[in-house]
Every structure is written in C-alpha cells, then in structure tokens.
Amino acid sequence: MTTTTREIHLAQRPTGLPGPETYRFVERELRNLREGDVLVENIVLTVDPYMRPRMNDVKSYVPPFKLDHALDGGAVGVVVESRSEALPVGTVVSHGLGWREHAVLADKYAKRIELNGLPSSYFLGVLGMPGMTAYAGLFDVAAFQPGDSVFVSAAAGAVGSLVGQFARLGGADRVVGSAGSAEKVALLVDELKFDAAINYRDGDVMGQVGAAFPDGFDVYFDNVGGDHLEAALEHINERGRMALCGSISGYNDPNASGPRNMFKAVGKRLTMRGFIVGDHEDLRPQFEAKVGQWLRDGDLAYRETTWNGLDAMPEAFAGLLTGANTGKAIVRLREDPAS
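Read left to right, the sequence shown gives residues 1 to 339 (UniProt numbering).
Okay, structure coming up:
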C-alpha cells in the first residue's frame with residue numbers, strides 16, 4: 001500500500017525566534033514496509049524547548065537537525081499497517097518521528113501504549129518525556145528530600161509545573177515558581193498549589209526571589225538560566241543543589257549572558273548538575289508507578305495548550321519559545337481511537 005504524507009523540513013537555520021521561513025512543508029510517498037516495520041498515523045505531536053538548539057549547526061548531546069530533512073520529535077500514533085507481530089494494526093504507540101502526519105519505522109523504535117481512558121497526549125507530557133525529566137531531575141539529580149524548600153523556574157511549563165507538584169507531594173517545606181504572566185502566577189498558586197509564585201516580567205528577578213525566600217532555599221530546578229540562575233545562586237542556601245535542565249532564556253538570543261555571580265557556587269559549596277533525561281531510564285518503572293498513582297488519586301493537576309493540524313506546528317513551536325503555552329504544548333492531528 002502506497003501512502004502519501006506531509007512532513008515539515010528544516011529549510012534554513014534560524015537566527016533568533018524561528019519564523020515561517022525556517023520550515024518547508026513537503027509531500028512525499030513513504031517507502032514500503034519491510035519485515036518488522038509498522039506504518040503509524042500520528043495522532044498528536046509534541047514541541048519541546050530542546051528542539052530550538054538542534055536547529056543550530058553546533059555540536060551538542062544530540063545531533064543538530066539537518067537542512068532539507070524532516071524534523072523529528074515525540075509523537076503518539078496508531079498503527080495502520082504492520083509487518084510486526086509485536087505491533088498489530090490498531091496498536092497505539094509512542095515514537096520519535098514527529099513533525100509529520102505518518103511515519104514508517106521498525107517496531108523496536110516504537111513503544112506500545114495502553115491509553116486506559118487517558119488522552120494520548122498525556123504520554124508526551126505528564127507520563128512522557130517532560131514528566132520523566134521533572135521526576136529524575138528533582139528526585140535524583142537534585143537529591144530532593146522531604147523538608148527541602150524548592151525554587152522552580154519556568155514553573156508554568158510542561159516540566160516546571162510538574163516539578164513543583166512533585167516537590168509538594170514529596171513533602172517540601174516551601175515551593176515557589178516563576179512564570180511570565182499574572183494568569184500563570186495565579187495558576188501556580190491556586191491550581192497547582194505552589195506556596196507562592198513570581199512574575200519575572202515584573203522585573204527585578206533577584207529581588208523577587210529574595211522576597212519569596214527570606215530564609216533561602218535548598219533546591220533549584222533551572223529551566224531558564226540567565227537572570228533566574230543568577231538569582232538562584234544569590235539566594236540558595238549553603239550546600240544547596242541545582243538541577244540544570246534547560247536555559248530557554250538564551251535559546252533565541254545569540255548574545256545571551258550568563259550569571260555574573262558564579263563564584264557563589266564555590267563559597268556556598270553548591271552541587272550544580274546538568275542532566276539529560278535519557279540517562280535516567282533506570283528510574284522509569286518508579287516514575288510510571290508513582291506518577292500514575294498520583295494521577296489516579298487526583299493529586300496532580302495537569303494542563304495542556306493545544307494547537308490543531310500539522311500546519312500549526314511552526315506557530316506552536318514559536319508559542320512555546322515565547323511563553324504562549326501553559327503546561328505541555330502539543331499539536332493534535334486527529335482524535336484518539338476509541339478505547
């Protein structure tokens with residue numbers, strides 16, 4: 001069976017915020033399936049901050065996107081043709097060939113999903129990479145302990161919104177997050193049950209963090225870098241721990257500056273550890289069991305911002321990078337199959 005599909009290619013490497021000229025929509029025929037392959041019709045796609053550095057031609061922990069090739073990223077879809085005994089037609093799977101309507105891949109690169117009444121998008125968010133990132137970063141990398149006080153930057157995003165809730169459910173003494181609007185600040189406090197939140201667009205991040213933590217804090221989960229990391233270095237307690245997850249403040253700024261007070265890490269004997277979620281797969285059974293239970297018990301509030309259709313991918317990605325999303329940013333291509 002010949003399948004024609006649409007996918008999005010990287011047309012040029014962007015400077016600053018990626019615009020429409022960054023992308024090219026391409027229609028093409030997919031190759032025939034080989035033994036062990038599946039054809040997946042994508043249901044929902046993800047956009048994530050790590051994709052922006054991959055658009056630059058620089059060496060990193062993951063190879064850059066190639067010009068004139070399809071972009072990739074997380075996706076959930078349904079198998080519509082199969083030459084795999086493990087993944088028959090109708091199976092819902094997660095995989096890494098997003099930014100397209102269909103994907104052909106070997107069954108070893110697709111993970112079977114049982115929706116069990118949950119939206120497919122949850123497996124790209126709270127039960128997917130962002131959830132795992134929040135869990136591993138807080139409990140393993142930052143070595144969170146009950147009674148710790150915790151500061152989370154970009155706390156209304158896909159990862160940060162979960163970090164703060166995981167800390168609260170884990171017995172934190174105080175949880176404070178930063179966000180970019182009054183509405184998001186209210187969300188953090190009223191719905192996600194943070195103890196307090198700051199609006200970084202009000203300015204004076206250093207002063208706001210100090211006022212939120214008059215006695216300092218023990219753990220910082222960094223998604224932003226820049227002025228947030230500088231403020232965290234100033235106000236974190238001695239022997240504090242920092243999980244360095246991302247630095248979104250500099251992704252679109254070729255002249256981004258780092259914190260000016262790194263010497264604080266020495267005097268305070270801080271532990272600052274960058275991490276990549278893929279290095280923590282040993283925690284997945286623990287993560288799925290604990291977070292799944294929190295979801296079933298109604299202890300977790302989970303938000304998504306949804307765009308619809310493949311044509312919306314560039315807008316969704318730009319919106320993610322400028323804070324237009326609350327919680328996980330996803331692009332839905334079709335409705336979930338009936339459970």
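We put the beta carbon where it would ideally sit given N, CA and C, even for glycine.
*Given that a residue counts as buried once 16 or more other Cβ atoms are within 10 Å of its Cβ, and exposed if not, what is M242?*
When all chains shown are included, M242 counts as buried.
*P146 versus D140 - alpha carbon distance*: Cα to Cα, P146 sits roughly 13 angstroms from D140.
_Nearest neighbour of G73, chosen from L115, V176, G128 and A167 [CA to CA]_ = Nearest Cα to G73 within the set L115, V176, G128 and A167: G128.
*Use the C-beta contact count for I236: other C-beta atoms within 10 angstroms, 16 or more gives buried, fewer gives exposed.*
Per the 10 Å Cβ criterion, buried.
*Leaving out five residues before and five after G160 in sequence, what residues of the same chain have Cβ atoms less than 8 angstroms from its Cβ?*
Same-chain partners within the cutoff: A134, V152, S153, A154, G177, F221 and N223.
*How about V62: is its Cβ closer than 7 angstroms to a heavy atom in the ligand MG?*
Questions concerning the ligand MG fall outside what the structure shown contains, since it holds no ligand whatsoever.
*From S82 to D279, what does the alpha carbon distance come to, in whole angstroms?*
Taking the Cα positions, S82 is about 31 angstroms away from D279.
_Nearest neighbour of P49, chosen from L138, P337 and A318 [CA to CA]_ = When each option's Cα is compared against that of P49, the closest is A318.
*asked:* Can you find the residues in the same chain that come closer than 6 angstroms, C-beta to C-beta, to G246, ignoring five residues on each side of it along the sequence?
replied: Sequence-distant partners of G246 (beyond 5 residues in either direction) whose C-beta falls short of 6 angstroms from its own C-beta, in its chain, are P49 and N223.
*Closest by C-alpha distance to Q12, when choosing among P64, T46, A301 and K59*: It is P64 whose Cα lies nearest to the Cα of Q12.
*Can you list, in chain order, the residues of its chain whose CB lies under 6 angstroms from that of residue 342, leaving out five sequence neighbours each side?*
With the chain running from 1 to 339 in the structure shown, residue 342 is simply not present.
*Going by the CB atoms, is the gap between F287 and G137 shorter than 8 angstroms?*
Judged by beta-carbon spacing, F287 lies beyond the 8 angstroms limit of G137, meaning their Cβ atoms are not closer than that value.
*At what residues does the alpha helix (DSSP H) containing G164 begin and finish?*
Start and end: G160 to L169.
_Quick check on this structure: which residue in A338, E335, A329 and R334 has the alpha carbon closest to the alpha carbon of V47?_
Considering only A338, E335, A329 and R334, the residue with the shortest C-alpha distance to V47 is A329.
_Rounding to the nearest angstrom, what Cα-Cα distance links R332 and G164 in this structure?_
Between the C-alpha atoms of R332 and G164 there is a straight-line separation of about 26 angstroms.
_For E191, tell me which candidate among V209, G298, A86 and K66 has the shortest Cα-Cα distance._
Here the closest residue by C-alpha is G298.
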